[in-house]
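Residue numbers (our numbering): 4 to 126.
Scroll down for the structure; my scribbles are underneath it.
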Ligand SMILES: [Zn+2]
């Protein structure tokens, strides 16, 4: 599971923060996750609860904020939302790297990120 290793890395960083900042309790960890990562928020929260058990941040909440994908096309200079691919098996439409105007290969401008946006804590 892709989500599991990503969330493990995030938990490690939050635990480090807890240690270095001498924080007594972390309440919420907010992530900014791009659409091109194809990470599912529900899966991530599930992994987070499992991984944080019996750690210093057990009971804290993982908040996942979706960063919309945008592309730029080197062929027709289109800039904006990508073309979405409706996969019947996916919960949400998947962004593709196909230019919505000319149909050629576009480049991702935004949507590959998976970063900690903020950590809410009690000193
Ligand atoms: Zn184009």
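Ideal placement from N, C-alpha and C gives every residue a C-beta, glycine not left out.
Output needed for residue 75: all residues of its chain with C-beta closer than 8 Å, excluding positions within five of it in sequence on either side, in chain order.
As a working mapping, residue 75 is identified with position 72 in the chain shown. Answer for residue 75: 81, 82, 109, 110, 112, listed in chain order.
Under 7 Å from any heavy atom of ligand 1, does the C-beta of residue 81 make it?
In the chain shown, the residue the question calls residue 81 occupies position 78. Correct: residue 81 has its Cβ closer than 7 Å to ligand 1.
Cross-strand partners of residue 112 (DSSP beta bridge):
Stepping through the chain shown from its first residue, residue 112 is reached at position 109. Residue 112 pairs with nothing; no bridge assigned.
Taking C-beta to C-beta, are residue 30 and residue 123 nearer than 8 Å?
The residue labelled residue 30 in the question sits at position 27 within the chain shown. The residue labelled residue 123 in the question sits at position 120 within the chain shown. It is a contact, given that the beta carbons lie within the stated cut-off.
From 25, 125, 34, 71, pick the residue whose C-alpha is nearest to that of residue 95; which is it?
To locate residue 95, count along the chain shown from 1; it is residue 92. Of the candidates 25, 125, 34, 71, the one whose C-alpha sits nearest the C-alpha of residue 95 is 71.
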